[in-house]
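Chains as they are written, first to last, in UniProt numbering: chain B, 1 to 74; chain Z, 1 to 74; chain X, 1 to 74; chain H, 1 to 74; chain P, 1 to 74; chain S, 1 to 74; chain V, 1 to 74.
Worksheet for the structure shown next.
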Amino acid sequence: MSSDVSLKILSKSVGSTVLVRLRNGKVLRGLLKGYDQHMNIVLEDTDELVDENTHNKLGTIVVRGDSIVMISPP
Amino acid sequence: MSSDVSLKILSKSVGSTVLVRLRNGKVLRGLLKGYDQHMNIVLEDTDELVDENTHNKLGTIVVRGDSIVMISPP
Amino acid sequence: MSSDVSLKILSKSVGSTVLVRLRNGKVLRGLLKGYDQHMNIVLEDTDELVDENTHNKLGTIVVRGDSIVMISPP
Amino acid sequence: MSSDVSLKILSKSVGSTVLVRLRNGKVLRGLLKGYDQHMNIVLEDTDELVDENTHNKLGTIVVRGDSIVMISPP
Amino acid sequence: MSSDVSLKILSKSVGSTVLVRLRNGKVLRGLLKGYDQHMNIVLEDTDELVDENTHNKLGTIVVRGDSIVMISPP
Amino acid sequence: MSSDVSLKILSKSVGSTVLVRLRNGKVLRGLLKGYDQHMNIVLEDTDELVDENTHNKLGTIVVRGDSIVMISPP
Amino acid sequence: MSSDVSLKILSKSVGSTVLVRLRNGKVLRGLLKGYDQHMNIVLEDTDELVDENTHNKLGTIVVRGDSIVMISPP
Chain B
1 MSSDVSLKIL
11 SKSVGSTVLV
21 RLRNGKVLRG
31 LLKGYDQHMN
41 IVLEDTDELV
51 DENTHNKLGT
61 IVVRGDSIVM
71 ISPP
Chain Z
1 MSSDVSLKIL
11 SKSVGSTVLV
21 RLRNGKVLRG
31 LLKGYDQHMN
41 IVLEDTDELV
51 DENTHNKLGT
61 IVVRGDSIVM
71 ISPP
Chain X
1 MSSDVSLKIL
11 SKSVGSTVLV
21 RLRNGKVLRG
31 LLKGYDQHMN
41 IVLEDTDELV
51 DENTHNKLGT
61 IVVRGDSIVM
71 ISPP
Chain H
1 MSSDVSLKIL
11 SKSVGSTVLV
21 RLRNGKVLRG
31 LLKGYDQHMN
41 IVLEDTDELV
51 DENTHNKLGT
61 IVVRGDSIVM
71 ISPP
Chain P
1 MSSDVSLKIL
11 SKSVGSTVLV
21 RLRNGKVLRG
31 LLKGYDQHMN
41 IVLEDTDELV
51 DENTHNKLGT
61 IVVRGDSIVM
71 ISPP
Chain S
1 MSSDVSLKIL
11 SKSVGSTVLV
21 RLRNGKVLRG
31 LLKGYDQHMN
41 IVLEDTDELV
51 DENTHNKLGT
61 IVVRGDSIVM
71 ISPP
Chain V
1 MSSDVSLKIL
11 SKSVGSTVLV
21 RLRNGKVLRG
31 LLKGYDQHMN
41 IVLEDTDELV
51 DENTHNKLGT
61 IVVRGDSIVM
71 ISPP
């Protein structure tokens with residue numbers, strides 16, 4: 001049964017750095033602390049990747065699942 | 001079990017100043033008074049951060065969860 | 001328990017003047033007559049704040065909750 | 001209890017002329033014939049208010065609630 | 001009780017020509033064959049009204065309710 | 001009872017070529033293999049109709065119902 | 001019964017390379033590892049197809065179903 005593979009991937013990624021692409025075009029990189037069934041996630045030590053040389057430090061954040069396009073585990 | 005880490009983060013942030021980024025691009029900073037399961041939040045002493053030197057005072061506000069992209073605890 | 005603080009704030013604001021920011025960028029000011037669990041609200045003596053000197057009189061209105069970004073109690 | 005004041009306002013407005021503002025920016029004026037819990041409404045003798053001097057006659061229409069920003073009772 | 005007047009209007013319009021305005025700005029005219037509780041509708045002999053002199057023939061179509069702004073019965 | 005006429009039309013169209021208009025403005029033509037209650041559909045031998053002379057071959061595709069504006073049976 | 005043909009297609013595509021078109025206009029190609037009932041999917045060895053000669057390597061990703069327009073099985 002492959003149907004909850006997405007939550008399994010998130011579960012295995014807790015404690016690792018993930019890349020998150022948002023609907024508003026922004027890209028975040030941070031340590032995945034947790035998630036819920038709406039794909040709301042908590043990231044720590046988060047950087048917003050503005051361009052190759054510019055990162056905005058966002059620290060710990062809660063990101064709403066419905067703002068997320070995709071999440072790349074490490 | 002990591003699945004309600006987002007509400008736990010919000011719960012721990014009640015009484016602290018948080019940064020809230022909205023879908024319409026605006027950024028708010030205020031004291032988190034409470035939240036609900038839709039991530040509707042109540043902020044006190046809220047500033048809308050227009051640019052580095054300009055803040056609009058909004059006082060106490062209720063923000064709809066579906067307008068929120070992310071919340072940064074302190 | 002802080003989880004229904006947003007409805008409590010609205011409840012306490014019934015009978016007072018509130019400021020409502022909409023998704024379409026418009027700002028309303030009116031007397032809050034009531035609300036429901038979808039955050040649909042009823043305002044009386046409503047002004048649409050076009051700019052500092054221009055207000056459109058809208059009278060009594062029902063505003064759909066999903067059009068609302070935030071509500072500022074008085 | 002103020003929580004279903006919005007449906008009460010609509011209920012009292014049945015048979016009266018209301019103004020309806022839509023998400024697409026259009027404004028309708030018509031006689032409210034009815035509504036349901038999704039705020040879908042039926043209007044009769046509806047005019048679309050293009051500008052102060054131009055009205056498009058739309059007759060009887062069913063308007064989906066999720067297209068509506070606000071409704072002004074008479 | 002006025003609360004399902006919108007479905008009643010649709011019910012009475014089955015077999016008649018209706019005008020349908022879509023979220024994407026397009027306007028359809030066709031014979032209403034049926035509808036469901038999501039306001040999904042089936043039209044026959046449908047014309048897309050491009051301008052006063054130009055109609056695209058679409059024949060029989062299923063239109064998703066969440067694409068519809070309003071429906072004008074005949 | 002006319003209320004599930006839309007699924008009936010889809011049901012009768014399985015095995016036939018249908019035209020599908022998407023929210024993003026694109027138009028697909030393909031053989032309808034199936035559908036579900038969300039109006040997710042499966043098309044085979046799908047062409048994306050770019051203009052009158054240009055078709056992109058997409059083969060078999062699953063299209064999400066909430067991306068669809070309308071479906072024209074043959 | 002044709003009603004869950006879309007999940008059946010996805011089920012048969014697990015382990016194969018699929019093409020995914022997103023709402024934001026982007027196109028992904030990757031090995032389908034799994035999916036769930038929201039059409040959230042997990043892809044491995046994912047490339048974002050920027051143009052015919054440029055591919056961004058995204059590795060393993062979780063894509064939210066509501067960001068997806070269509071999925072092409074191999």
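Think of the CB as a built atom: it goes at the ideal place given N, C-alpha and C, for glycine as much as any other residue.
Helix, strand or coil for residue i per DSSP?
i	result
V63(X)	strand
V5(S)	helix
K26(H)	coil
S72(X)	strand
Using a C-beta cutoff of 8 Å, does residue i count as contacting chain V?
i	result
R64(S)	yes
M1(S)	Only weak support exists for where M1(S) lies, its pLDDT of 36 falling under 50; the value from the coordinates is given anyway. No, M1(S) does not count as interfacial toward chain V.
Strictly under 8 Å for the Cβ-Cβ distance: is residue i near chain B by that measure?
i	result
K5(Z)	The residue asked about is misnamed: residue 5(Z) is Val in this sequence, not Lys. Yes - at least one Cβ of chain B is within 8 Å of the one on V5(Z).
K57(V)	no
Considering only their Cβ atoms, is the gap separating residue j from residue i smaller than 8 Å?
i	j	result
N20(H)	I71(H)	At residue 20(H) the sequence reads Val, which differs from the Asn that was named. A contact, by the Cβ cut-off of 8 Å.
G59(V)	S6(B)	no
V69(X)	N24(Z)	yes
D4(Z)	D36(B)	yes
I61(Z)	L43(Z)	yes
H38(B)	G15(B)	no
I9(S)	P73(S)	yes
Strictly under 8 Å for the Cβ-Cβ distance: is residue i near chain S by that measure?
i	result
L10(V)	yes
G34(P)	yes
State buried or exposed for residue i, treating a residue as buried only when at least 16 other CB atoms are found within 10 Å of its CB.
i	result
K12(H)	exposed
N56(H)	exposed
S67(X)	buried
T54(B)	exposed
E48(X)	buried
I30(H)	Strictly speaking, residue 30(H) in this sequence is Gly, with Ile absent from that position. Classification for G30(H): buried.
M1(S)	Because the pLDDT at M1(S) is just 36, under 50, the model does not fix this residue reliably, and the value given afterwards should be weighed accordingly. With fewer than 16 other Cβ atoms within 10 Å, it is exposed.
V18(V)	buried
At the 8 Å Cβ level, is residue i part of the contact set with chain P, yes or no?
i	result
I41(S)	no
I61(H)	yes
Report yes or no: is there a C-beta of chain X within less than 8 Å of the C-beta of residue i?
i	result
V69(H)	yes
Can you confirm whether residue i, when its beta carbon is compared against all beta carbons of chain A, has any partner nearer than 8 Å?
i	result
L22(X)	Structure shown: chain A not included; protein chains present are B, Z, X, H, P, S and V.
Name, going along the chain, the residues of the segment 12-32 of chain B whose beta-carbon falls closer than 7 Å to a beta-carbon of chain Z.
Taking 7 Å as the Cβ-Cβ cut-off against chain Z, the residues of the segment 12-32 of chain B that qualify are V14, L22, N24.
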